[in-house]
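So in full-length UniProt numbering, spot 361 of the sequence shown is number 361, and the numbers just go up one at a time.
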Amino acid sequence: MGRSYISFAHEPLVEVMRTRWASDAAMMPLSTKRRLSSIVLLVALAVLPGCAGFKPVRGIPVQELDLASCAPNSNRSARSTLDLSVLRQVRPEVHRVDSGDVLGIFVEGVLGNDRDVPPINAPPGPNSSASLGYPIKVLDDGTIHLPLVRPIYVRGLTLFEVEQAIRETYTGRAGLLRPGAGRILVTLQRPREFRILVIRQEAGNPLGNLGAAQSVNFETDKRGTGRIVTLPIYENDVLHALAETGGLPGLDAENAIYIIRQPRPAPLEPVGEFIAKLPPASNPMQQPIQSASYLQQTAHQDHLYPIPAAPGHPSFVPPPPGPADGHGVSSDVPLAGDANAAEVLPEEYPDYVQQAAAAGSQVIRIPLRVLPGEPLCFGPEDIVLYDGDIVFIEARDQDFFFTGGLLGNAQIVLPRDYDLDVLGAIALAEQASDGPYPTPAVGGVSVLNQDVSAGASKVVVHRPLPGGGRLPIEVDLYRALNDPNENLIVEPGDRVFLRYNRYEAFVAFCERHLIEGAVIGGASALTFGN
């Protein structure tokens, strides 16, 4: 049964050939037998376990695919840095007073005796100037309290207008000062400030870890940094917050900034100002009397603070709109308890930002690189920061690709600001690693070395699909060198394998095991032979 492949009529011929081969083998020298045995053993070791060149990994040729659909994120090189001036708010010509400002006020005969020199206050910072008068803080309802007169509403006024309001108060119904008599001085002693929390998850930040961004698994030893910065009015914007905490995001951070903003309540106002802003249909004379829990009375009978009631309560009154300078509540900011407070964000947003939006916070994403002519996805009011706002910079923990095969096993970070094609990925991988074994080729094991030794030209890229699974894409390096359309753009999550084709595998085997072995054996014989 085992000899069915040969005819029984040829059995005498087979016996003759077997006898001749046995006699020739007996006449061979022992060294020749050992060499033939070594060659047969090497071939068996290369073929029997399964050489990679004879078990190729198949993929769809890149010329049969649409590169635009295969690389949806391949537009990094086309983007340019955003004009940084849009991250800074425009400073007005004059300062508008609001809650939190500390004014320097001197009223001769009221705040200070006659012929007294007004107090001179040193500047609180290097960018401030000295001020005159006694410190008077603007309260949360936008008023200031001075002796012998009722509270004066100064929100939104300039310093000159505040001085005129004080003069009219003391010379009007109060009659404490004669018109034109007495000195009244109003200066800005300390502008209002805002406390902003800046969280940066980047290794290149000089305030944090100094680990290399191109190292393998660099995120395992990286830690973020957090700082609370205090910014004065008209400097409470994104650009100043970044300048105080290390500048723009590093190369290992995402090229975008996230602003997480909590809902802000309406600013408090005196009840007179509050009623004046209501529409005519909401005239309080035609409305039921408010409950006592809605109004909180201070020491002055004409100074009442509206405490907002919950929606649906009989005493609920809609809050007034914010002032013109944007310090009030933005119409885009959802208030607490709003049914639409939970904002649905795209899936590429970080998990922390997703959770903050689900909790009712407003999330604003500011990209730092945009396409030419691309409209901005944020407005001037979005870059202004207030108390409790969070500026978040996310790390690029998932912006990398893997290598395998002749390139060795590695995890390499993708460039942030430009696209990386297959040729660049091979060069970057060969620079980062010498491969799994030494090679005599100058410049690596791929055909990019342009050396006389054998090189690999077959690249298989396993690309993750949105619905799961991976798409194998095959790239020929020879064709990619001459045709840019064959040069695939590497995407985050790709697995790049460099392999020999069958011809290259045979040549590399002969070069590595036969030619090198013969050269080394001959050199050893000449050196140590008799």
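Backbone N, C-alpha and C define an ideal beta-carbon position, used for all residues, glycine too. Computed from a prediction, not measured in an experiment: that's the story for all the values here.
Classification of residue i by the beta-carbon crowding that lies within 10 angstroms, buried from 16 upward
i      : result
VAL459 : buried
THR81  : exposed
GLN89  : buried
SER77  : exposed
ARG173 : exposed
SER457 : buried
VAL107 : buried
GLY467 : exposed
PRO484 : exposed
PHE401 : buried
THR143 : buried
THR527 : exposed
PRO373 : Note on residue identity: the sequence assigns Gly, not Pro, to residue 373. Exposed.
GLU254 : buried
LEU30  : Bear in mind that the predicted position of LEU30 carries a pLDDT of just 49, short of 50, making it too unreliable to give a figure here.
ASN75  : exposed
ARG264 : buried
SER85  : exposed
ARG463 : buried
Own chain residues within Cβ distance below 8 Å of residue i, not counting five before or after
i      : result
PRO123 : SER129, ALA130 and SER131
ILE60  : LEU471, PRO472, ILE473 and GLU474
LEU385 : PHE194, ILE196, LEU231, ASN236, ASP237, VAL238, ALA241, ILE259 and VAL391
LEU65  : ILE473
Coil, strand or helix - residue i by DSSP
i      : result
ALA424 : For clarity, residue 424 is Gly in the given sequence; the question names Ala instead. GLY424: helix per DSSP, three-state reduction.
SER85  : helix
PRO472 : strand
ASN121 : strand
ARG192 : coil
PHE400 : strand
PHE392 : strand
LEU448 : helix
LEU526 : helix
VAL353 : helix
VAL154 : coil
ALA429 : helix
VAL62  : helix
Close Cβ partners of residue i (< 6 Å) along its chain, the five nearest in sequence each way excluded
i      : result
TYR234 : ARG91
LEU157 : VAL97
GLY100 : ARG192
GLY182 : GLU108 and GLY109
ARG167 : ILE184
7 Å CB neighbourhood of residue i in its chain, flanking five on each side removed
i      : result
ALA356 : ILE260 and VAL363
PRO179 : THR171
Start-to-end residues for the alpha helix (DSSP H) that takes in residue i
i      : result
GLU163 : 159-171
ARG227 : ARG227 -> not in any alpha helix (DSSP H); beta strand (DSSP E) instead, spanning 225-232.
ALA410 : Here ALA410 belongs to no alpha helix (DSSP H); instead the beta strand (DSSP E) covers 410-413.
VAL238 : 238-244
PHE506 : 502-509
TYR478 : 477-482
Under 8 Å between C-beta atoms of residue i and residue j
i           : j      : result
PHE378      : ILE393 : no
ASP476      : GLU491 : no
residue 534 : LEU87  : Absent from the model: residue 534. The displayed extent of the chain is 1 to 530, so no value can be given.
GLY133      : PRO151 : no
ALA410      : ALA425 : no
ARG190      : VAL102 : yes
ARG396      : ASP252 : yes
ALA388      : GLN201 : Sequence inspection shows Gly at residue 388; the Ala mentioned does not correspond to that position. The answer is no: Cβ separation not under 8 Å.
VAL94       : LEU176 : no
ARG192      : LEU371 : no
LEU159      : LEU139 : no
ARG227      : VAL198 : yes
ALA480      : VAL422 : yes
residue 608 : LEU498 : Nothing can be reported for residue 608, as the shown portion of the chain is limited to 1 through 530.
GLY104      : PRO135 : yes
VAL154      : VAL162 : yes
ARG495      : VAL461 : yes
LEU488      : VAL62  : yes
Start and end residues, beta strand (DSSP E) containing residue i
i      : result
ARG495 : 495-499
HIS462 : 458-464
LEU103 : 102-107
ARG96  : Element bounds for ARG96: n/a, residue is neither H nor E.
ARG365 : 362-367
TYR418 : Note, TYR418: premise wrong, no beta strand (DSSP E); not H, not E.
TYR134 : 134-137
ALA256 : 256-261
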